[in-house]
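Undergrad: Using the numbering used here, read the sequence shown as starting at 1 and increasing by one per residue. Even glycine gets a Cβ: it sits at the ideal position worked out from N, Cα and C. Values in this document were obtained by computation on a predicted structure and should not be read as measured data.
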Amino acid sequence: MNKVKKTNIYGLMIIMLHIIFFSCKKDDIAANNLEAEIAKNLAAYNEIPINSGDTVLLNLNLVLLGKKSAGFPVLLEKAAGSDLEVTASIDNNPQLISIYDSLYRTHSPVLPGGLFKVSRGGKLTVNAGQLQSADSIKIELNDGTGLKIGNHTYVVPVRLESTVKKPGLKSKLMFLRYKLLVRRLNVSLQGLSGIGDIIVLNTPDVVQNIFVQARLSQAVPRNIEVSVETVSNQEFVAAYNAANGTKHLPFPEGGYTIAPSTGVIPAHKMFLSEPILVQLTNLSLFNPSSIYLLALKIKDDKIASPNNHTQYIIMRGNNIDRSNTGLNGQPIERIGWRVKALGYYRQENLVPELVLDGDHRTAWDSDGQLPQWLELDMGVMETVKGFSIVPSYLYREDDFLQMEVFSSNDGINWESQGLYTGTATSDQSSPATPDLKTVKFVNPVTARYFKFNILKATSGNYTGMGELFGIK
Numbered sequence: 001m002n003k004v005k006k007t008n009i010y011g012l013m014i015i016m017l018h019i020i021f022f023s024c025k026k027d028d029i030a031a032n033n034l035e036a037e038i039a040k041n042l043a044a045y046n047e048i049p050i051n052s053g054d055t056v057l058l059n060l061n062l063v064l065l066g067k068k069s070a071g072f073p074v075l076l077e078k079a080a081g082s083d084l085e086v087t088a089s090i091d092n093n094p095q096l097i098s099i100y101d102s103l104y105r106t107h108s109p110v111l112p113g114g115l116f117k118v119s120r121g122g123k124l125t126v127n128a129g130q131l132q133s134a135d136s137i138k139i140e141l142n143d144g145t146g147l148k149i150g151n152h153t154y155v156v157p158v159r160l161e162s163t164v165k166k167p168g169l170k171s172k173l174m175f176l177r178y179k180l181l182v183r184r185l186n187v188s189l190q191g192l193s194g195i196g197d198i199i200v201l202n203t204p205d206v207v208q209n210i211f212v213q214a215r216l217s218q219a220v221p222r223n224i225e226v227s228v229e230t231v232s233n234q235e236f237v238a239a240y241n242a243a244n245g246t247k248h249l250p251f252p253e254g255g256y257t258i259a260p261s262t263g264v265i266p267a268h269k270m271f272l273s274e275p276i277l278v279q280l281t282n283l284s285l286f287n288p289s290s291i292y293l294l295a296l297k298i299k300d301d302k303i304a305s306p307n308n309h310t311q312y313i314i315m316r317g318n319n320i321d322r323s324n325t326g327l328n329g330q331p332i333e334r335i336g337w338r339v340k341a342l343g344y345y346r347q348e349n350l351v352p353e354l355v356l357d358g359d360h361r362t363a364w365d366s367d368g369q370l371p372q373w374l375e376l377d378m379g380v381m382e383t384v385k386g387f388s389i390v391p392s393y394l395y396r397e398d399d400f401l402q403m404e405v406f407s408s409n410d411g412i413n414w415e416s417q418g419l420y421t422g423t424a425t426s427d428q429s430s431p432a433t434p435d436l437k438t439v440k441f442v443n444p445v446t447a448r449y450f451k452f453n454i455l456k457a458t459s460g461n462y463t464g465m466g467e468l469f470g471i472k
């Protein structure tokens, strides 16, 4: 057993001999007497009790008890002839804790006055004919005001007094160790897919329901009410743009609703019983070429997570035709085109340049992780109506079912053109008769660089392309 937890009579006798033979200064007499008193009283017990650890949630003034409490029985020198009442009280004398630390080579925090109290009013009875009490002396948290966040193990001296002199108490001074984990209960906001901005595409004629969930940092044995508010005024959005280098606009009034704005996380649960619903009710108020910002914030700062108390919802325009058809125009000359990718399948050297080799049988293939991007540099500015893409026939399932397309004039600053959603490569197709995939812009885009950020593929982890053609 750990030495801090357990002591024995022989060890304490050595301590007492040390006091007798090596103490000479008069100034040390009082301290040595106290040390001797502690050693003598501790000799009655085999170990120093310690609890398994309680948790204090400061912002809720809530204590979560651990599985094991700490306590010790009252011991008598001989059996009592009648019931004997004992009173226990906490002694906040810092010298007691200092001597304890010296004996056990520990470093205990200062014990604040009033932090703990003895349970059951400090009263305990030893029944007639017994050498020790059936119940134990225990302490509990009394006033946690001033506690600091963190793990603490307090040493608490407890003194015992009897209503009679005989039979005497075998020990009149004992120590308890009390472990406390002090923390905040935090509530954070997140989308149903996890923490991060919720991106919504401005897709006309499609009902947009956005769900936001509130999550506790830990489950607690009582209901927690969470209220949120929306923020999308000019001042707030301007501050966001300045901090993030964006040009977002506030969500227009009348363009959305929120319900419910107040919800409950049930006792012993981590999430709201019903997520918050933000519904975009009037898409005609949103300009398809603009990007909008809305924030949901937890109203109560007392429970709001310092890091995730705000959920951002970003509405982007979708400049990609959802029909994936009707791309007409002239092919763009590919001389001078260059491509690069986040990764490629090195075992077969399926490099990104293979999308420009003119051979439908070859293909760029990724390195087994999504998202995965392919970036095109056309060398000069072009006004592009869209792209026609031959899927991979080396690995048919390494397709691109969902892909966000970006454009740029310098290859550094990128603008999202929207989200392409396609279908798996047809089993009836082949390199000779390919299942061409069409990315058509609603409004032609003038740019030099394009980036295809692939988010989803049939294979799950791999994606690829056979050939990439531009139409102007």
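If you follow the alpha helix (DSSP H) that N244 is in, where does it begin and where does it stop?
TA: Per DSSP, N244 belongs to the alpha helix (DSSP H) from Q234 to N244.
Undergrad: Can you check DSSP and say which residues form a bridge with P157?
TA: DSSP output for P157 lists F175 as bridge partner(s).
Undergrad: Please state whether DSSP places Y420 in a helix, a strand or coil.
TA: Correct three-state label for Y420: strand.
Undergrad: With DSSP run on the structure shown, which of helix, strand or coil describes R316?
TA: If DSSP states are grouped into helix, strand and coil, R316 belongs with the strands.
Undergrad: How far does the alpha helix (DSSP H) with Y100 in it extend, from its first residue to its last?
TA: Y100 -> alpha helix (DSSP H) spans P94 to Y104.
Undergrad: Distance check for R346 and M465, CA to CA, integer angstroms please.
TA: Rounded to the nearest angstrom, the two C-alpha atoms are 15 Å apart.
Undergrad: How long is the line joining the alpha carbons of N443 and V264, rounded to whole angstroms?
TA: For N443 and V264, the distance between alpha carbons rounds to 45 Å.
Undergrad: From T203 to R184, what does the alpha carbon distance come to, in whole angstroms?
TA: For T203 and R184, the distance between alpha carbons rounds to 41 Å.
Undergrad: Along the beta strand (DSSP E) that carries Q428, what are the first and last residues, could you check?
TA: No beta strand (DSSP E) holds Q428; DSSP gives it neither H nor E.
Undergrad: Look at the alpha carbon of I38 and the alpha carbon of P306, and state the distance between them as a whole number of angstroms.
TA: Cα-Cα distance, rounded: 45 Å.
Undergrad: Across the region 376-391 and the region 325-344, are there enough close Cβ pairs to call them in contact, namely three or more that are closer than 8 Å?
TA: The answer is yes - the region 325-344 touches the region 376-391, with three or more Cβ pairs under 8 Å.
Undergrad: If we ignore side chains and look at the alpha-carbon of each, how far apart do V278 and T310 end up?
TA: Cα to Cα, V278 sits roughly 14 Å from T310.
Undergrad: Per DSSP, what kind of secondary structure is Q347 in: helix, strand or coil?
TA: In the structure shown, Q347 sits in a helix (DSSP, three-state: H, G or I).
Undergrad: Which one of L58, G254, D399 and S392 has the shortest CA to CA distance from L370?
TA: The residue with the shortest Cα to Cα distance from L370 is D399.
Undergrad: Tell me the start and end of each unbroken beta strand (DSSP E) in the region 251-326 that is at least 3 residues and wholly inside, in chain order.
TA: Runs of the beta strand (DSSP E) inside the region 251-326: 256-259, 262-265, 276-280, 292-298 and 310-317.
Undergrad: Please classify V390 as buried or exposed, where buried requires at least 16 neighbouring CB atoms within 10 angstroms.
TA: Buried is the call here.
Undergrad: Taking Cβ positions only, does D91 come closer than 8 Å to chain D?
TA: Given the protein chain composition of this structure (a single chain), no chain D is represented.
Undergrad: Which of helix, strand or coil does DSSP assign to N151?
TA: Strand at N151.
Undergrad: So what does DSSP say about E333, is it helix, strand or coil?
TA: Note: E333 maps to coil in three-state DSSP.
Undergrad: Can you pull the DSSP bridge partners for R338?
TA: For R338, which the question treats as bridged, DSSP gives the partners D377.
Undergrad: Spatial neighbours of S430 within its chain, please: CB distance less than 8 Å, with the 5 preceding and 5 following residues excluded, ordered by chain position.
TA: Once the five neighbours on either side are set aside, the close Cβ partners of S430 are Y393.
Undergrad: With V228 as the anchor, note down where its beta strand (DSSP E) starts and where it stops.
TA: V228 -> beta strand (DSSP E) spans I224 to V231.
Undergrad: Any chance you could list the beta strand (DSSP E) runs of at least 3 consecutive residues sitting entirely within the region 190-222, in chain order?
TA: Counting only runs of 3 or more, we get 198-202 and 208-216.
Undergrad: Since N324 contacts T438 with CB under 8 Å, what's their CB separation in whole angstroms?
TA: Right, the Cβ-Cβ distance comes to about 5 Å (below 8 Å), so this counts as a contact.
Undergrad: Could you please give me the residues that DSSP links to F72 through a beta bridge?
TA: DSSP output for F72 lists I137 as bridge partner(s).
Undergrad: Considering only the alpha carbon of each residue, which of V237, Y462 and P252 lies closest to G245?
TA: Residue V237 is the option with its Cα nearest to G245.
Undergrad: Under a Cβ-count criterion, where at least 16 other Cβ atoms within 10 Å of its own Cβ denotes burial, should N287 be classed as buried or exposed?
TA: Exposed.
Undergrad: Residues in its own chain within less than 7 Å of F22 by CB, not counting five upstream and five downstream?
TA: Because F22 carries a pLDDT of 43, less than 50, the predicted location of this residue cannot be relied on, and the following value inherits that uncertainty. Excluding residues within five positions, none has a Cβ falling inside 7 Å.
Undergrad: Expressed to the nearest angstrom, what Euclidean distance is found between the alpha-carbon atoms of N349 and L401?
TA: Roughly 24 Å between the two C-alpha positions.
Undergrad: Based on Cα-Cα distance, which residue from L285, G255 and A214 lies nearest to S261?
TA: Closest by alpha carbon: A214.
Undergrad: For S162, I'd like the list of residues in its chain whose CB is within less than 7 Å of its CB, leaving aside the five on either flank, ordered along the chain.
TA: Within the same chain, S162 has close Cβ partners L84, V86 and L169.
Undergrad: Which residues does DSSP list as the beta-bridge partners of T446?
TA: Paired residues: T383.
Undergrad: Whether or not the region 354-369 and the region 404-415 are in contact is what I'm after, with contact meaning three or more pairs of Cβ atoms, one per stretch, closer than 8 Å; do they touch?
TA: Flag = no, the region 404-415 and the region 354-369 do not touch.
Undergrad: Report the rounded CA-to-CA distance for A128 versus P167, giving the unit in angstroms.
TA: So the two alpha carbons sit approximately 11 Å from each other.
Undergrad: What whole-angstrom Cβ distance do A44 and L76 have, given they're in contact under 8 Å?
TA: Incorrect: roughly 10 Å between the Cβ atoms, too far for contact.
Undergrad: Could you tell me whether the Cβ atoms of V355 and E467 are closer together than 8 Å?
TA: In contact: V355 and E467 (Cβ atoms closer than 8 Å).
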